[in-house]
Structures are given as structure tokens and as C-alpha cells.
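In terms of this note's numbering, the sequence shown opens at residue 169 and continues consecutively. Note that the Cβ used here is the ideal one computed from N, Cα and C, for glycine as well. Presented below is the structure to which this report refers.
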Amino acid sequence: MPVYQGVGKPLLGEPHLAHQIHGSDALGGVGLPPPAGTPQTKHAVRELVDRVMASPGEITLIALGPLTNVALALSIEPRMAGALAELIVMGGAVLTHGNASEVASANLYNDPEAAAMVYQAGAPLVQVGLDVCQKTTVLEEQLARIRQAHTPTTTLLARITPQLIKSYADRGLKPPGTGVHYNDVAALAYAIDPRLYDIREYYVRIATHDALTRGQTVADVANRWRQPPNAKVPMDVEAAQLTEMFTTRVIGYAAP
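Okay, here's the thing in C-alpha cells:
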């Protein structure tokens with residue numbers, strides 16, 4: 169699979185790296201060998217624009233990190249917003265607390281300015297945020313099945329998961345032995361089967377000015393702003409179905 173390197177820091181300021189959660193290498197700090205391949209010479213932003221514009225209405229973009237590169241792509245080519253089939257953003261919190269601050273999710277907290285640009289671009293945006301991610305627990309029994317499968321994929325997942333579990337325990341959020349949240353899984357599962365979700369539509373703005381609320385997704389749940397919705401927002405999920413689908417597919421996956 170070709171890899172394209174994009175911008176590695178926010179539009180303003182420096183990134184907030186969560187080493188205490190994901191380890192020093194973002195993969196549990198387990199000391200994996202460096203990748204055998206190298207990134208493509210083309211910049212990720214340019215590739216994103218070119219690929220979407222070459223196939224209008226056919227590409228679903230799933231953003232699992234800060235939205236810096238997506239914002240830059242939309243700045244270069246604003247028509248990309250209308251050319252996407254869907255833009256699924258893993259981030260945000262409407263009726264629950266944040267995980268990078270009291271009110272903000274990590275991905276949007278890491279570049280609120282980029283997130284604000286993306287949310288106002290007019291793309292068919294789906295915010296798969298902490299409202300559903302925190303309800304999606306891969307249970308200890310499912311983790312045991314993953315560990316026992318001994319495929320390259322399950323072995324990697326089994327190695328990097330203990331650091332994530334420890335981070336939940338250290339913050340008093342989830343005792344060991346009670347499962348784990350893989351937040352990205354909720355966004356990927358939406359792309360596979362959105363019927364698993366209770367979906368609302370809200371007008372959502374990103375807080376960028378106040379230090380206390382930077383990165384917060386402010387959803388107009390009561391329609392006070394009288395603006396048309398700019399995001400679909402899953403607020404509930406069939407969590408047991410989702411995590412079983414994840415477990416089965418991870419165990420059955422054979423890397424090419």
C-alpha cells in the first residue's frame with residue numbers, strides 16, 4: 169500500500185503528543201522495526217486532492233487524526249468538499265467529556281483551526297466522536313480471542329494494546345480486565361455499516377479562541393443558531409455488534 173507523507177504539525181503552534189497513551193512511537197512503545205518501504209515522493213495533500221477530484225462521488229475519506237492535511241487539501245481545491253462521497257472524522261464530543269481536555273477530543277484539540285476549516289467546507293461530514301467511541305468496548309474475552317489467533321495482525325494488536333490499557337487505568341478511566349476502547353474502530357465501522365448507529369444531524373462549530381475550550385465541537389442540539397446541519401453525528405451505537413464484527417474481521421484478516 170503506497171504511503172504519502174503530509175504535514176506533521178498543526179497550522180498554528182506545536183502538536184500535543186500523547187506518549188502516555190500510545191507510547192513513544194504511537195504503537196505502544198514496543199520497539200517495532202522500522203518500515204521496509206519509503207513514502208512516495210508526492211506530497212499527501214496533493215495526492216489527496218488529485219485522487220478525490222479524479223473520482224468525484226466515489227471516495228470516502230476516513231480521517232483518524234488531526235485534520236491539518238484535509239484542511240490544506242480543501243484550501244488548495246475547495247471543490248474537493250463536494251467531490252467526496254463522505255468525510256468520516258474520528259473526533260468530537262457532544263454530550264460527553266473530552267479526552268485531551270475537559271471538552272475536546274484529541275484529534276480536534278491538536279489542530280482546532282484546521283478542524284474549523286474542514287467543518288465549514290461543505291463536505292458530507294460524519295463526526296464519529298467520543299459519544300460512541302466511549303461506548304464501544306472490546307471486551308476481555310474478545311481480546312483473548314485476538315491474542316490466541318497468532319496471525320501477524322493479531323500479534324501486532326496484542327503487543328501494542330497493553331500500553332493503551334495501562335493508560336486508561338493510570339487515569340482512573342477503566343480498570344484492567346474490563347476491555348479497551350480502540351476509538352478508530354468506531355469510525356471504520358461506520359464506513360462498513362452505518363446502520364449500527366443512531367445518527368443525528370447538527371450544525372457543529374469548532375471552538376478556536378478560548379484556551380479553556382479549544383478544539384471543542386459545539387453542536388447546536390437545540391437549533392438555536394437556525395443553521396442547516398453540517399454534520400451527521402452518531403450519538404449511540406450497537407456496541408456489542410460492532411465489537412464482535414471487529415474481532416471476527418481482525419482474526420480473519422490475511423495481510424497481502
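* For the beta strand (DSSP E) that contains K400, what are its first and last residues? -> That run of the beta strand (DSSP E) goes A399 to V405.
* To do: Check whether the Cβ atoms of T236 and A253 sit closer than 8 Å, and answer yes or no.
  => It is not a contact, given that the beta carbons lie outside the stated cut-off.
* **Secondary structure of Y277, DSSP reduced to three states** => In the structure shown, Y277 sits in a helix (DSSP, three-state: H, G or I).
* Asked: Going along the chain, which residues of its own chain have a beta-carbon closer than 8 Å to the beta-carbon of V401, five neighbours each way excluded?
  -> Excluding residues within five positions, the ones whose Cβ falls inside 8 Å are G260, V262, V294, Q295, G297, D299, I367, R368, E369, Y370, V372 and A387.
* To do: Please work out which residues of its chain come closer than 7 Å, Cβ to Cβ, to R327, disregarding the five sequence neighbours upstream and downstream, and give them in chain order.
  => Excluding sequence neighbours, R327 sits near G196 and V198.
* In whole angstroms, what separates the C-alpha of S153 from that of A186? -> The chain is shown only over 169 to 424; residue 153 falls outside these bounds and no answer can be derived.
* Would P134 pass as a contact of N278 if the rule is Cβ separation under 8 Å? -> The first residue shown for the chain is 169 and the last is 424, placing residue 134 beyond what the model contains.
* **Where the beta strand (DSSP E) through Y370 begins and ends** => For Y370, the enclosing beta strand (DSSP E) starts and ends at Y365 to Y370.
* Proximity winner among P203, D218, V306 and E406, relative to A249 (alpha-carbon distances) -> For A249, the closest C-alpha among the options P203, D218, V306 and E406 is that of D218.
* Should the stretch 396-412 be called in touch with the stretch 303-311, which here means at least 3 C-beta pairs below 8 Å? -> The answer is yes - the stretch 303-311 touches the stretch 396-412, with three or more Cβ pairs under 8 Å.
* Look up T206 in the DSSP assignment and say whether it is helix, strand or coil. => DSSP places T206 in coil when its eight states are reduced to three.
* Report buried or exposed for I360, applying the criterion of at least 16 other Cβ atoms within 10 angstroms of its Cβ. => Note on I360: under 16 other CB atoms within 10 angstroms of its CB, so exposed under the neighbour-count rule.
* How would you label Q302, buried or exposed, when you count the other beta carbons within 10 angstroms and need 16 or more for buried? -> Looking at its Cβ environment, which holds 16 or more other Cβ atoms inside 10 Å, Q302 is buried.
* For the candidate residues G181, V171 and T385, whose alpha-carbon lies nearest to that of V501? -> Nothing about residue 501 can be reported from this structure: the residues present for the chain run from 169 to 424 only.
* Asked: Taking the alpha-carbon positions, what's the A283 to Q316 distance?
  -> Cα-Cα distance, rounded: 39 Å.
* **Within-8 Å CB hit, Q302 to chain B** => In the displayed structure, chain B is absent; only one protein chain is listed.
* **Residue nearest to T416 in terms of C-alpha spacing, selected from L242, P201 and A357** => Relative to the Cα of T416, the nearest Cα in the group L242, P201 and A357 belongs to A357.
* To do: Take I314 as the anchor and find which of T381, A222 and G420 has the nearest alpha-carbon.
  => Minimum Cα-Cα distance from I314 among the listed residues T381, A222 and G420 corresponds to G420.
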